[in-house]
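Chemist:
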Amino acid sequence: NLKPFVVIGKWHRKKVDFNREINEATLNHPEAINAHKSYHINLKNAINKIEQQYGKGLLIDIHGQGVGK
């Protein structure tokens, strides 16, 4: 009965990089800052639920790759 948690950042990496510190990741753009904060809040909530229910879990960070335009 295990279920995955999925947190998806739907911003192009040129606009916000969720794996970097917020100022570097967003270039201080207000919308990108909000997206970065929201992503990390959702990620932390998923981690907390997993820890509460199971004690531990597996976090996999997957990046898509597309052809540049």
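Numbering (this note's numbering), first residue to last: 1 to 69.
Heads up, the beta-carbon is just placed ideally off N, CA and C, and yes, glycines get one too.
Give the DSSP-derived three-state secondary structure of LYS14 in the structure shown.
Modeler: Start at 1 with the first residue of the sequence shown, and residue 14 comes out as number 14. Looking at LYS14 - three-state DSSP - the assignment turns out to be coil, as it is neither helix nor strand.
Chemist: Specify the secondary structure class of LYS3 as computed by DSSP and reduced to three states.
Modeler: One-based indexing of the sequence shown puts residue 3 at position 3. In the displayed model, LYS3 falls within coil according to three-state DSSP, outside both helix and strand.
Chemist: Run through DSSP, which three-state label would ASN23 get?
Modeler: Residue numbering aside, residue 23 sits at position 23 when the sequence shown is read from its first letter. The answer is helix: DSSP assigns ASN23 an H, G or I state.
Chemist: Are the beta-carbon atoms belonging to VAL16 and HIS40 less than 8 Å from one another?
Modeler: Position 16 of the sequence shown, counted from the start, is the residue given in the question as residue 16. Position 40 of the sequence shown, counted from the start, is the residue given in the question as residue 40. No.
Chemist: Roughly how many angstroms separate the alpha carbons of ASN28 and ASN42, rounded to a whole number?
Modeler: Position 28 of the sequence shown, counting from 1, holds the residue named residue 28. Position 42 of the sequence shown, counting from 1, holds the residue named residue 42. Going by the C-alpha atoms only, they are around 20 Å apart.
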